[in-house]
Amino acid sequence: ELNERDSVLKMISDNISDVIWVLDLDLKLTYISPSILNLRGYTAEDVMDQSLEERLTPDSLELVYDEIKQANERVSSGQAFGNVTLIVEQPRKDGSSVWVELVIGPVFDADNKLVGYSGISRDVTARRKAELALIESEQKFKILSQTTSSGIYVYLNQKFFMVNPAFESITEYSADELKDLGIADLVHPDFIEMVSKRAQERMEGKEPQSSYEIKIITKTGKVKWLDLSAGFINFFGKPAILGSIFDISHQKQIQIELERNLITKDKFLSIIGHDLIGPIGSINQLLDLITDKDFEISYEEREKTIESIKSTAANVFNLLENLLNWTRTQSGSFPFHPRFLNLNKLIKDNVSLFKSSAENKQIEIVYNSDIQVDAWFDFEMVNAIIRNLLNNAIKFSFVRGIITICSGVSGENFWVSIQDEGTGIEPGVME
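If you want it as structure tokens, here you go:
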């Protein structure tokens, strides 16, 4: 019966792909199965003559010594040895190495005294390489996620299971706080329905739009625009969403301001265009009148007509200069050169400029100022303001109206007011 059992064990050890071995207490081999040839390229006889240092790489040797020592200490203290499972690296005959899983167990004699160790070695090189590749990939991902300015998150079980520092910075919530929050706690009410619907579709295996813009509300109540990208992943056997967010609030604000400026530009050009048609048409009519050889006109009427042309041309020039100044302000190239100037003279020059336009509507311009003050201002800017106010006052005043210009000093400031008797601005438009 004993011989039969030994024959069975020999048959198993000779044919099994795993390596079976036995060590004494000095960690010297007393038996090793022939399958060692496939594992390391050495015959069983060659390996029997090798020391433990020759059979393991330095790091693995230290690991085995440490684990055996701890197991022996357990036995000495009356505890069970237990099976020890290790992943070690062993050198092959061709100079390469192989990763091996060792399962080490105790060998006791008839008196239950520890006399050695037995175990099985299994080739796990493919598995170990995959594990190392995964570890390397995880380390690279960790470095990337920790340093990128994009917020990265894993959404699992309706909660933010994992986030990187950038996600915390953008949302102003800590990672621990986010573990108790869901989509509805961050996303702006205007976008909750859309984001929740797309998240649910991903969990169901569908493929909704993967990238889009949303608004969120941060912990401190700030509203931010984000560029969000997300996709479905299998996270340790559970369905989850891996996503990234990028704060585009600044770009969005620039876009909104650009759209607002374009609307303003269109309105401004429309108004300027409308205001130019009338004066240019009047100039053409007056020029036709004084150049018509068949139409007799007195010297006084000719002079009056020429004055009207000059006044109308000045208004056209004013409109075009306003357009030029507006384009300069939009491009940020409007010059600013303040200096001490007499503001009273500037006002009087503008009154003289619009005298003919006012007389055409029988409007009286009254300028009351007993104070002569040199003020610190940019001539072009203040001149444009007064010219526009006076031009609008004439434009919207009723016939035979009065425009009153006043100026004075308030503390260190010099003020100017222009009042007309026109239609005014509706309260709703003024707001």
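Heads up, the sequence shown stops at 1277 in the numbering used here, and the numbers go up one at a time, no gaps. Ideal placement from N, C-alpha and C gives every residue a C-beta, glycine not left out.
Starting from G997, follow its DSSP beta bridges and name the residues at the other end.
Indexing the sequence shown from 1 puts residue 997 at position 151. Looking at the DSSP assignment, G997 forms a beta bridge with I1091.
So, D992 versus P1011, is the Cβ gap smaller than 8 Å?
In the sequence shown, the residue the question calls residue 992 occupies position 146. In the sequence shown, the residue the question calls residue 1011 occupies position 165. It should be noted that the sequence gives Gln, not Asp, for residue 992. Yes; because the gap between Cβ atoms is below 8 Å, this pair is in contact.
Range of the contiguous alpha helix (DSSP H) that encloses L909
Locating residue 909 in the sequence shown gives position 63, counting from the first residue. Unbroken alpha helix (DSSP H) run through L909: 904-922.
Stretch pair the segment 1145-1164 + the segment 1104-1117: three plus CB contacts closer than 8 Å:
no
Check each candidate in L875, W1222, I1249 and name the one with the smallest Cα separation from E1258.
Locating residue 1258 in the sequence shown gives position 412, where the first residue counts as 1. Minimum Cα distance to E1258 is reached at W1222.
Taking the beta carbon of I1231 as the centre, do at least 16 other beta carbons fall within 10 Å, making it buried, or is it exposed?
Mapped onto the sequence shown, residue 1231 falls at position 385. An exposed status is given to I1231, since fewer than 16 other beta-carbon atoms sit within 10 Å of its beta-carbon.
Three-way DSSP call (helix, strand, coil) for V970 in this model:
Reading the sequence shown from its first residue, position 124 is the one you call residue 970. Three-state result, V970: coil.
Would the beta-carbon of I1016 fall within 8 Å of that of D1093?
One-based indexing of the sequence shown puts residue 1016 at position 170. One-based indexing of the sequence shown puts residue 1093 at position 247. Yes, the Cβ-Cβ distance between I1016 and D1093 is below 8 Å.
Out of M1227, D1026, T876, which one is the CA nearest neighbour of D892?
Here residue 892 refers to the residue found at position 46 when the sequence shown is read from its first residue. It is T876 whose Cα lies nearest to the Cα of D892.
Check each candidate in R886, I1240, K1150, G1051 and name the one with the smallest Cα separation from D1266.
Mapped onto the sequence shown, residue 1266 falls at position 420. It is I1240 whose Cα lies nearest to the Cα of D1266.
Quick one: any contact between the segment 964-971 and the segment 932-952, if contact means 3 or more CB pairs under 8 Å?
yes
Using beta-carbon positions only, say whether Q936 and R974 come within less than 8 Å of one another.
Residue 936 sits at position 90 when you count from the first residue of the sequence shown. Residue 974 sits at position 128 when you count from the first residue of the sequence shown. Result no, Cβ atoms of Q936 and R974 do not sit closer than 8 Å.
May I have a chain-ordered list of the beta strand (DSSP E) segments no shorter than 3 residues that lie completely inside the segment 1024-1051?
Restricted to the segment 1024-1051, not a single beta strand (DSSP E) segment is unbroken, complete and at least 3 residues in length.
Alpha carbon to alpha carbon, how far is I1087 from I1062? Give it in angstroms, no decimals.
Taking the first residue of the sequence shown as position 1, residue 1062 is located at position 216. Taking the first residue of the sequence shown as position 1, residue 1087 is located at position 241. So the alpha carbons of these two residues sit roughly 18 Å apart.
Any idea which residues DSSP pairs E935 with across the strands?
What you label residue 935 is simply residue 89 of the sequence shown in a count that begins at 1. W945.
Counting along the chain, where does the beta strand (DSSP E) carrying T876 start and finish?
As a position in the sequence shown, residue 876 is number 30, starting the count at 1. First-last of the beta strand (DSSP E) with T876: 875-878.
Using the beta-carbon count (16 or more within 10 Å), is F954 buried or exposed?
Residue numbering aside, residue 954 sits at position 108 when the sequence shown is read from its first letter. Answer is exposed; the Cβ neighbour count stays below 16.
Based on the DSSP secondary-structure assignment, which residues constitute the bridge partners of T1250?
Position 404 of the sequence shown, counting from 1, holds the residue named residue 1250. In the DSSP secondary-structure assignment, T1250 is bridged to V1212, Q1265.
Quick check: the segment 1002-1010 against the segment 904-915, are at least 3 beta-carbon pairs closer than 8 Å?
no
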